[in-house]
Amino acid sequence: MKFYVTTAIDYVNDRPGLHHGYEKTGADALARFHRQRGVEVFFLTGTDENATKNEKAANAAGEPTRAFVDRHAAEFKELCETWNISYDRFIRTTDADHVRAVQELVRRWIANGDVYLGKYEGLYCTRCEAFYEESDLVDGRCTIHPTNADAIQRLEEENYFFRLSKYEPALKKLYRESPEFCVPEIRRNEVLGWLERGLKDVSVSRRNLKWGIPFPDHPDHTVYVWFDALINYVTGAGFGTDEARFAKWWPADVHVIGKDISRFHCIYWPAMLLSAGIALPKQVFVHGFLEYRGFRLSKSSGNMIDPIASAEEWGADAIRYLVLREAPFEKDSPVSPEQFNTRFNAELANGLGNTVQRTLAMIERYRGSVVPDSAGLGTSGARVREAAERAIADHDRAARELRSAEAIGAVVALLAAIDRHFQETKPWDLAKSADEAHALDAALYAGAEGVRLAAVLLWPYLPATAERITEQLGQPSPATGFAEQGRWGVLRPGTRITLGAPLFPRLELARAG
Ligand code: ZN
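Structure (structure tokens):
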């Protein structure tokens, strides 16, 4: 079994934002989920470096373009390190193998008769680096950059064109036969709308740019950055450099992207691949935007929450959890430091942190730090077992479909069940009477085994925390081996546990007003 997952690659004209961490963590959690379950995973992320605007931004900063993109690419890599993003490759579109892959793909289009020289005159958003139709704009402005009045420019030049129109019937067939190609449905409906309006050929080269990948056999042209960028997904799998690796990993199982670039991924990309005789990816998952103070979080709008500072403030594990929990992947979601604080206290400090601490402290206190025998769980313990088994099923179903907020919610429900279990069984009362020794054993065992399973399920979101919990419970790392660990009854009586410091000390929040 293999699983190939990609994120979008990020423009390096500025520093990373919280939304970059969000997308990468969503893909990372999916990659970790599959790895845990014994699937061989390849997880690709990286940077999109050949955009004209990098050259412009570098010039404005008085820096050579190469040095400028190196510096910003390093910041995106730092984001990945800080947020514990377990990528297998960090691709940069200036990498030599990518240049080769792009040129090979373009040669295939040319050989297939899909490239011709034409004149392009049209509306171009310099921020998106994309051409638009008049009908795509609102009041003459780009819908993604409504506050940038000068973003839309009229551009005229001689370009190479790709015969996108030729692929309209094939794309319509694709969406008819494989509706799961683009999810969720709301995004697929947008794509169907574009297809309904008809596809025009698109310009795939730019003239007289110094920065970019040379168009094969036409050195005065460079490959239009969007077409170059999409190709990173096949480069990463080995296209053009390692055919055996490419045969192993391609097609991708899912491309995880934001809704602003679904046209490129759901229309252009499959057409580009069909023209080159390459199999299509299985799915494009289009996530929503993070919003802050009523606007989309983005670099170009200047509405930013710093992801590195956020990891410092809440902790790397916590910020991963908080963005995925607060912002369901399938829709737009408001986020704010206030929301993060509230969620942190409710679910990490109180929910998870308290439950773990309390369970381990009672085993230390009443049973000398040794997991007691579970001979008979009792009614309440049996309910914890049921809750754990339900959590595994609910979690896995949601996690597989990138519904991370819901997947985490399944574990939150399990933690609540453990809390109720202690309220009902009152181990602190049972401990007062020697006659209740068996009942106390059963109560403590059910709590500890529930906590262990919660940690195993939470590993994709809270990797460091989950490993800490399983270590405290004397268990192996939950990074792999879900088949053995992901079921009730694995925790062996007699196992020695270690009580540690609280996992998520409660935040003292200043009262507003
Ligand atoms: Zn735009």
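Start counting the sequence shown at 1; every next residue gets the next number (my numbering). Glycine residues also receive a C-beta, built at the ideal position from the N, C-alpha and C atoms. None of these values were measured; they are calculated from a predicted model.
Reduced DSSP category for residue i - H, G, I as helix; E, B as strand; rest coil
| i | result |
| --- | --- |
| residue 142 | coil |
| residue 472 | helix |
| residue 333 | strand |
| residue 494 | coil |
| residue 477 | coil |
| residue 130 | strand |
| residue 506 | coil |
| residue 152 | strand |
| residue 415 | helix |
| residue 513 | Low confidence applies here, because residue 513 scores a pLDDT of 42, under 50, leaving its location unreliable; read the following figure in that light. Of the three classes helix, strand and coil, the one that applies to residue 513 here is coil, per DSSP. |
| residue 248 | helix |
| residue 6 | strand |
| residue 289 | coil |
| residue 372 | coil |
| residue 207 | strand |
| residue 353 | helix |
| residue 222 | strand |
| residue 227 | helix |
| residue 427 | helix |
| residue 366 | helix |
| residue 261 | helix |
| residue 123 | strand |
| residue 90 | strand |
| residue 33 | helix |
| residue 328 | coil |
| residue 281 | coil |
| residue 16 | coil |
For residue i, the nearest candidate out of the options (CA to CA)
| i | options | result |
| --- | --- | --- |
| residue 215 | 87, 194, 109 and 292 | 109 |
| residue 331 | 349, 313, 363 and 286 | 286 |
| residue 496 | 486, 474 and 164 | 474 |
| residue 347 | 413, 311 and 133 | 413 |
| residue 124 | 145, 340 and 118 | 145 |
| residue 483 | 147, 33 and 82 | 33 |
| residue 368 | 444, 111 and 5 | 444 |
| residue 329 | 11, 30, 15 and 14 | 30 |
| residue 204 | 191, 197, 172 and 231 | 231 |
| residue 105 | 236, 74, 58 and 275 | 275 |
| residue 18 | 366, 289, 147 and 165 | 289 |
| residue 239 | 278, 506 and 403 | 278 |
| residue 96 | 59, 50 and 131 | 50 |
| residue 149 | 126, 220 and 160 | 126 |
| residue 78 | 375, 68 and 90 | 90 |
Residue i: CB within 7 Å of a non-hydrogen atom of the ligand ZN
| i | result |
| --- | --- |
| residue 305 | no |
| residue 154 | no |
| residue 343 | no |
| residue 145 | yes |
| residue 279 | no |
| residue 398 | no |
| residue 151 | yes |
| residue 142 | yes |
Local Cβ density within 10 Å of residue i, reported as buried at 16 or more and exposed below that
| i | result |
| --- | --- |
| residue 460 | buried |
| residue 284 | buried |
| residue 315 | buried |
| residue 592 | Since the displayed the chain opens at 1 and closes at 513, residue 592 lies outside it and no answer follows. |
| residue 167 | buried |
| residue 337 | exposed |
| residue 189 | exposed |
| residue 138 | exposed |
| residue 273 | buried |
| residue 513 | The pLDDT assigned to residue 513 is 42, lower than 50, so where the model puts this residue is not dependable; a value taken from the coordinates is nonetheless given after this. Residue 513 should be labelled exposed. |
| residue 224 | buried |
| residue 186 | exposed |
| residue 135 | exposed |
| residue 26 | buried |
| residue 485 | buried |
Bridge partner(s) assigned by DSSP for residue i
| i | result |
| --- | --- |
| residue 118 | 159 |
| residue 303 | 298 |
| residue 11 | 48 |
| residue 42 | 4 |
| residue 270 | None; residue 270 has no bridge partner. |
| residue 167 | DSSP output for residue 167 lists no bridge partner at all. |
Residue i CB to nearest heavy atom of the ligand COA below 7 Å
| i | result |
| --- | --- |
| residue 127 | Absent from the structure shown: the ligand COA. Ligands present: the ligand ZN. |
Short CB-CB distance (under 8 Å) between residue i and chain D
| i | result |
| --- | --- |
| residue 219 | Here there is only one protein chain, and chain D is not present. |
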